Each structure stands twice: as structure tokens, then as C-alpha cells.
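If you use this note's numbering, the sequence shown corresponds to residues 13 to 634, in order.
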Amino acid sequence: MRRLLLYIIIITTGIIFIGRLFYLQVVDESFARLSEDNAIKVVYNYPQRGYIFDRNGELLVSNQPSYDVMVIPRNVKPFDTIEFCSILKITPEELGKKLDKAKVYSPRLPSIVVPQLTKSEYAYLQEKMRKYPGFYIQKRSLRDYQTANASNVLGYIAEVNNKIISDNPYYLSGDLIGKQGVEGQYEELLRGIKGVKYIQKDRFNRDIGPFKDGIFDTLPKKGKDVTISIDAMLQAYGEKLMENKRGGIVAIEPATGEILSLITAPSYDPALLMGRKRSANFTKFYLDTITRPLYDRGLLAEYPPGSPFKTINALIALQEGVVDIHDRFYCNRGYVYGRGRKLGCHAHASPLDMIPGIAQSCNAYFANVYRRIIEKYPTPQEGIDAWSRHLNSFGLGEFLGYDLPAGRSGKIPTSEYYNKIYEYPTYKWFATATLSNAIGQGEVLMTPIQLANMTAAIANRGWFYTPHILKSIEGQPIKDPEFTEKKFTTIDSKHFIPVIEGMHQVYKVGTASALQIPGIEIAGKTGTAENYTKINGKRTQLTDHSIFIAFAPVDNPKIAIAVFVENGYWGGRYAGRIASLMIEKYLKKTITRTDMETWVLTHSLEEEYAKVISDEPFTINK
Numbered sequence: 013m014r015r016l017l018l019y020i021i022i023i024t025t026g027i028i029f030i031g032r033l034f035y036l037q038v039v040d041e042s043f044a045r046l047s048e049d050n051a052i053k054v055v056y057n058y059p060q061r062g063y064i065f066d067r068n069g070e071l072l073v074s075n076q077p078s079y080d081v082m083v084i085p086r087n088v089k090p091f092d093t094i095e096f097c098s099i100l101k102i103t104p105e106e107l108g109k110k111l112d113k114a115k116v117y118s119p120r121l122p123s124i125v126v127p128q129l130t131k132s133e134y135a136y137l138q139e140k141m142r143k144y145p146g147f148y149i150q151k152r153s154l155r156d157y158q159t160a161n162a163s164n165v166l167g168y169i170a171e172v173n174n175k176i177i178s179d180n181p182y183y184l185s186g187d188l189i190g191k192q193g194v195e196g197q198y199e200e201l202l203r204g205i206k207g208v209k210y211i212q213k214d215r216f217n218r219d220i221g222p223f224k225d226g227i228f229d230t231l232p233k234k235g236k237d238v239t240i241s242i243d244a245m246l247q248a249y250g251e252k253l254m255e256n257k258r259g260g261i262v263a264i265e266p267a268t269g270e271i272l273s274l275i276t277a278p279s280y281d282p283a284l285l286m287g288r289k290r291s292a293n294f295t296k297f298y299l300d301t302i303t304r305p306l307y308d309r310g311l312l313a314e315y316p317p318g319s320p321f322k323t324i325n326a327l328i329a330l331q332e333g334v335v336d337i338h339d340r341f342y343c344n345r346g347y348v349y350g351r352g353r354k355l356g357c358h359a360h361a362s363p364l365d366m367i368p369g370i371a372q373s374c375n376a377y378f379a380n381v382y383r384r385i386i387e388k389y390p391t392p393q394e395g396i397d398a399w400s401r402h403l404n405s406f407g408l409g410e411f412l413g414y415d416l417p418a419g420r421s422g423k424i425p426t427s428e429y430y431n432k433i434y435e436y437p438t439y440k441w442f443a444t445a446t447l448s449n450a451i452g453q454g455e456v457l458m459t460p461i462q463l464a465n466m467t468a469a470i471a472n473r474g475w476f477y478t479p480h481i482l483k484s485i486e487g488q489p490i491k492d493p494e495f496t497e498k499k500f501t502t503i504d505s506k507h508f509i510p511v512i513e514g515m516h517q518v519y520k521v522g523t524a525s526a527l528q529i530p531g532i533e534i535a536g537k538t539g540t541a542e543n544y545t546k547i548n549g550k551r552t553q554l555t556d557h558s559i560f561i562a563f564a565p566v567d568n569p570k571i572a573i574a575v576f577v578e579n580g581y582w583g584g585r586y587a588g589r590i591a592s593l594m595i596e597k598y599l600k601k602t603i604t605r606t607d608m609e610t611w612v613l614t615h616s617l618e619e620e621y622a623k624v625i626s627d628e629p630f631t632i633n634k
């Protein structure tokens, strides 16, 4: 019986091995086996990437044909390298490195030797390809930018690296992938699906036709067209206004959360990161550590918000019930606190209640308001945390969750932070230790998109949609609940009425009265933020940042905007002018305040930025 059992086991094992061998050699026609079969050449047919349109249907990004010289290392035979390199305009050394890299990747699979040939280069080389066994030309689709703007929004495409290849089996060496912006965020939508052909080869390595009559071949599937929320006209205009300046502009449609413009300055033409010069141009931008054109200031730069932050402190104070709109506070060129310390302020009428306090941007008024918020609670720790929770409800101090791959959380300090820096409980701290928060200075940091979203929440009287760049896919509006469901702040809607009126008065009689636009009722707030850096190891105060927020019209707002201009002196000087012009351009499609436009276009801050490396003193320090 044991002997019989042994025979059964041996026979069964043999049958299993024979069955498996038959399956692998005859039945299995999987992609992996076909790809590694020496008698079968796999040729990919790359799809066109999806087009990108702006919110008005204007084409921003399309495609153009491109041709890559590919190599399968194991099929290469001796050839005239001098002639080949001359045609491709590369050195023999460069060719050698390319072939070595291809061998390391895979001797059997194709790798790129020279990417993105022009049509003329392709036509000339195509006639001579028979002389170079192992090499062939692969047709691809390359991006064709219809705009010279919005490089930070659109992103770019580049070759995949080894990590991407190992993480995602879809990509092969030489494939292109979206990087940054919309190209990166919506890569899977835009890329499409590759087609594949299996070609039978004879013992002389000659193509003899489709494998099994092409039953395994597939056609490429074009990527999906997407419409983004950017207004191309407004984007181009904003970038023009920001020439010779550094900073960021973010404009949002309050009713939808759609991003109307996302501007960083300085910027670059997106076409410069396309074609055979892409690598050289990218390296140039990357190594520019002074102007940093690859740095998206609208999403990544964290600035003190300055006086626009006063509007939020006013809202929190009303919600907490520590002030009403009629409470008045005196200002004698500032607010004196603790051992003769003074929070300075500019000259204006005194005393002030809330609406003129906002309109005149009185530091003393908001110092009193802030102290009342914190000191409402038994301990400053409880007061700061309650204050922080209100701010978090506006999307401040945390990632907003928008659909772009870059971002920062900003900073809203909590009791944990202050306990640490003041070494509590060894040393106690009080509201006055954090008084700079009253005017948007000190520890508070925000990105331009956070400030724009805060402005949209004020415009909506207490709610907002998560800002987003995608508007529709193949003509179908997005349905993602993350971007289509309202987020509510902790502030009751009734409290926004006096704050909005105060912001309206900023334009009527306050700090932005010179920036009015005929026919448009605007609510806004000027801001100036102190600016420090280290020069030669010494903490040095630079010229203040210029900041401005606004929305319009006051009733049923169509646009909310935040503008940061680095070293722009004060809020109304640069940022206020730019915001007003952007609002008029979007709502009227034309400019009536040509005086203001001419001033912005003819004034540069390059000399101001040069002072950091020239040791020339800043005016503020004289």
C-alpha cells in the first residue's frame, strides 16, 4: 500500500509539472511573458494626453507630435557611431552613457537614447534607421502650450525615474509623467492608456507580422480633457501686474470655491520646460536660489497676514461676546502695555468702535479686542486654544485640502506652543505676551491661498467650499463632496455684517479710499507686515510686505482675492492697487483706473530685493 501511495505521489507531481509547463509555453499569453519572449517585439503606441481648458473654454494645453530614438540593447550590432552621433547631435561619450544606462535598466526592454526629436530631425533619421540595428523611433505626444502664463498651475511633464517605474508597473523607462500643478495632480486622467502591438520575429530578427494575427494588440486610449477653474485672461493680467515684483495672488469665486487665478512671481513660460532643452532650463530655474521661479508663493510661502487678520479677531470677539460693535477704545498713537511697552499705531480719530476701527486699521482697538478674547477664560492657555479653534474653522493653521500637489499649513499658535517657548509652568505667560496676534504679526503665518479662502468665507458670511482647480472632466462637472459640500466656520452669520461694513468703509473713507473702482462696491482690508531676515549673521529688518484682501461686489460677491507683495512698503501701495485692478478686470473685462494700472506697471521692486545681497541699507532702518 505504501509503495502504491509513493507511485501515486510521483505520478501526480509529474502531471502537475507537465500541466504547468504546458500552460506557460502554450496557454499563457500574458503581457509579461509576451514582453520577455525573444521572438516577439513589443511596440507601444502612446496616447495623446488630455487637453486642458480654462473656465471659459479657452485652450491652454494641447499636444504636438514628438519622436524618441529608442534602443533595445541586446539587439544592437556594430554600427557607425560617428555618423549616428552626428545625426542626433550628441557626442560618442553621451551615447555610450545612454547605452550603458539602458543595459542596466534591461537588455531586452526599450530605453530612450534621445528624446523629443523635431519633425525635420525625425524625417532625416527615419531614412537611415536600417543602418542601426537595435534602434528604432517611437512616436509620442508632447505638450503644446497655448499660453505663456500659469506655469505653476499647469505643471509640466518629464521622464519617469527608477522609483516611479518600480512603484508603478504602468510606466517604463523613457515614459513621461505629469509633474506639479494640474499635470501632476490629474496624471491618471490626462495620460490616457497606452496601446500595444506584439510583432513576430524570425530567426534573423526580422519582423514577420503581428503575433497571432494581432489578437492581443490594443489601441491607445486618449487621455480625458479637463476644464480648470482658472480664468486665463485674469491669470495673464495678474502676472503682468506682478512683473519685477515677488509675491503671490490668489483669487477665488466665493460661491463655488473655484480658484480664478493662482499667481506666483516671478514665474516663467511653461514652454521652457518642454522639449530637448527642458533639462537645461529646469536646472537653471532650480539653481536660481534668489528669485526662485519654481517656488509657488501662492501655495507655499508663509507670511504674517498683518492687518487683514484684524477682521477675524473682530469676528471671534463678537462670537465670544466680549465686545459689541459699539464698544469704543482710545488710541494715542498706539496701545501701551506691560512696563511701558507700546504697540504703535498711525494717526487717526479717537476713540473708535468696530466699523471705523476696521476702516482705519487701529492697532490699539484690536489690542483691546484681542485681550478681551484671551482674558475671557480662567487661564491664558484656555483663551488661546479657544481663539485657535475659531481660526481653524476658517481653514487656517492646517492644510486646506485643495487639489494641487503643493501646500503648507501656515501657523496658528496654541497653548502648547506658548507653554513650550515660555517654559511653563516654571514661568507664567499672559495675553500681553501674545499681543502681536492682535494685528496679524508675531507667530501667526498664512499662505496666500489661506488668506484668500478666509476672505471668501467672510464674503459668504461664514461658510466656504474647499478651494479647487478642477472644474469639469470631459464636460461633466466635478461631484467630489470634498469640493461640493459647504464648510461652516464657528462664527454666526449675523456677526459678519458689521465686519463686512467695516471692510466696505476701508474703500469709502479708510486706508484704501484712493483705490476705489467706479461702479463696483468693494470690501477690503489693507495690511502691512514686518519683515526680517539674517544678513551676515545679523537679524535685519527689511522693508515691510504689502498685503491686501478684498471681495466684490459687497452683495453677492463674485470674486475674493488676497495679494502679497514682498517688500512692498505698505498695503495700499502695491497690493491694494493690484487687488483693485484685478477685481475690475474680472468684473468689467476692462480697466478704467488706467492711472493706477500705469503706476503698477511702471514701478519695480528689483532694487529693493537687490539690497539683501548688496549691503545697501533698507529705508526702514535709516
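Note that the Cβ used here is the ideal one computed from N, Cα and C, for glycine as well. Predicted, not measured: the structure shown is a model, and the values here were computed from it.
{"Item": "CB residue 381 to CB residue 341, shorter than 9 Å?", "Value": "yes"}
{"Item": "Could you name the residues that DSSP lists as bridge partners for residue 458?", "Value": "315"}
{"Item": "Just to confirm, is the Cβ distance from residue 337 to residue 414 under 9 Å?", "Value": "no"}
{"Item": "Is residue 270 near residue 479, with beta carbons less than 9 Å apart?", "Value": "yes"}
{"Item": "If we count the other Cβ atoms within 10 Å of its Cβ and call it buried at 16 or more, is residue 80 buried or exposed?", "Value": "buried"}
{"Item": "Give me, in chain order, the residues of the same chain whose beta-carbon lies closer than 7 Å to that of residue 308; leave out the 5 immediate sequence neighbours on both sides.", "Value": "164, 276, 418"}
{"Item": "Tell me whether residue 518 is buried or exposed, calling it buried when 16 or more other Cβ atoms sit within 10 Å of its Cβ.", "Value": "buried"}
{"Item": "How many Å lie between residue 638 and residue 314 at the Cα?", "Value": "Residue 638 is absent from the structure shown; the chain starts at 13 and stops at 634."}
{"Item": "Return the chain-ordered list of same chain residues with a C-beta closer than 6 Å to the C-beta of residue 99, the five sequence neighbours on each side being excluded.", "Value": "137"}
{"Item": "Would you please state the rounded distance, in angstroms, between the beta carbons of residue 451 and residue 375? I believe it to be under 8 Å.", "Value": "5 Å"}
{"Item": "Give the DSSP bridge partners of residue 62, in chain order.", "Value": "In the DSSP output, where bridge partners are listed per residue, residue 62 has none listed."}
{"Item": "I'd like the list of long-range same chain contacts for residue 183, defined as Cβ closer than 6 Å, with 5 residues on each side in sequence excluded.", "Value": "172, 176, 177"}
{"Item": "Let me make sure I understand the geometry here. Which of 266, 395, 263, 446 has the alpha-carbon closest to that of residue 349?", "Value": "446"}
{"Item": "If you measure between the beta carbons of residue 210 and residue 229, is that distance less than 9 Å?", "Value": "yes"}
{"Item": "Would you mind listing the beta strand (DSSP E) stretches within the region 141–215 that are 3+ residues and don't spill past its ends, in chain order?", "Value": "147–157, 168–171, 188–191, 207–213"}
{"Item": "Whole angstroms are fine: how far does the CA of residue 484 sit from the CA of residue 91?", "Value": "51 Å"}
{"Item": "Is there contact here, the region 604–612 with the region 575–595, by at least three beta-carbon pairs under 8 Å?", "Value": "yes"}
{"Item": "For residue 83 and residue 104, I'd like the C-alpha separation in whole angstroms.", "Value": "15 Å"}
{"Item": "For the region 219–227 against the region 58–65, are there 3 or more C-beta pairs whose distance is under 8 Å?", "Value": "no"}
{"Item": "Excluding five sequence neighbours on each side, which residues of the same chain lie with their C-beta closer than 8 Å to the C-beta of residue 634?", "Value": "Note that residue 634 scores a pLDDT of 47, beneath 50, so its modelled location is shaky and nothing firm can be said."}
{"Item": "In terms of alpha-carbon separation, which member of 357, 516, 605 lies closest to residue 564?", "Value": "516"}
{"Item": "Following the continuous alpha helix (DSSP H) through residue 539, name the residue where it begins and the one where it ends.", "Value": "Taken as a continuous stretch (DSSP letters only), residue 539 belongs to no alpha helix (DSSP H), being part of the beta strand (DSSP E) at 535–547."}
{"Item": "Could you check whether residue 243 and residue 67 sit closer than 9 Å to each other, using their CB atoms as the reference points?", "Value": "yes"}
{"Item": "Got a sec, what are the start and stop residues for the beta strand (DSSP E) residue 581 sits in?", "Value": "Careful: residue 581 lies outside any beta strand (DSSP E) and carries neither H nor E."}
{"Item": "What is the rounded straight-line gap between the Cα of residue 44 and the Cα of residue 190?", "Value": "Below a pLDDT of 50, predicted positions are generally treated as unreliable, and residue 44, at 48, falls in that range; the measurement from the model is reported next regardless. Each residue's Cα considered, the two are about 26 Å apart."}
{"Item": "For residue 48 and residue 233, I'd like the C-alpha separation in whole angstroms.", "Value": "Caution applies to residue 48, whose pLDDT of 47 falls short of 50 and renders its modelled position unreliable; the value that the coordinates give is listed next. In a straight line, the C-alpha of residue 48 is about 24 Å away from that of residue 233."}
{"Item": "Would you mind sorting residue 619 into buried or exposed? The rule is 16 or more other CB atoms within 10 Å of its CB.", "Value": "exposed"}
{"Item": "For residue 120 and residue 167, what's the separation of their Cα atoms in angstroms?", "Value": "33 Å"}
{"Item": "Exposed or buried, what is residue 28 when buried is set at 16 or more other beta-carbons lying within 10 Å of its beta-carbon?", "Value": "exposed"}
{"Item": "Within the same chain, show all residues whose beta-carbon is closer than 8 Å to that of residue 359, passing over the 5 residues directly before and after it, in chain order.", "Value": "345"}
{"Item": "Alpha carbon to alpha carbon, how far is residue 46 from residue 22?", "Value": "Bear in mind that the predicted position of residue 46 carries a pLDDT of just 47, short of 50, making it too unreliable to give a figure here."}
{"Item": "In three-state DSSP terms, what is residue 93?", "Value": "helix"}
{"Item": "Which residues in the same chain have their Cβ closer than 7 Å to the Cβ of residue 278, if we skip the five residues on either side of it in sequence?", "Value": "258, 303, 305"}
{"Item": "Cα-Cα, which of 524, 448, 102 is closest to residue 355?", "Value": "448"}
{"Item": "Which whole runs of the alpha helix (DSSP H) in the region 252–329 are 4 residues long or more, in chain order?", "Value": "290–299, 309–312"}
{"Item": "Out of curiosity, what's the CA-to-CA distance linking residue 41 and residue 576?", "Value": "Unreliable positioning characterises residue 41 in this predicted model, as indicated by a pLDDT of 49, which lies under 50. The coordinate reading is nonetheless provided below. Computed Cα separation, rounded: 59 Å."}
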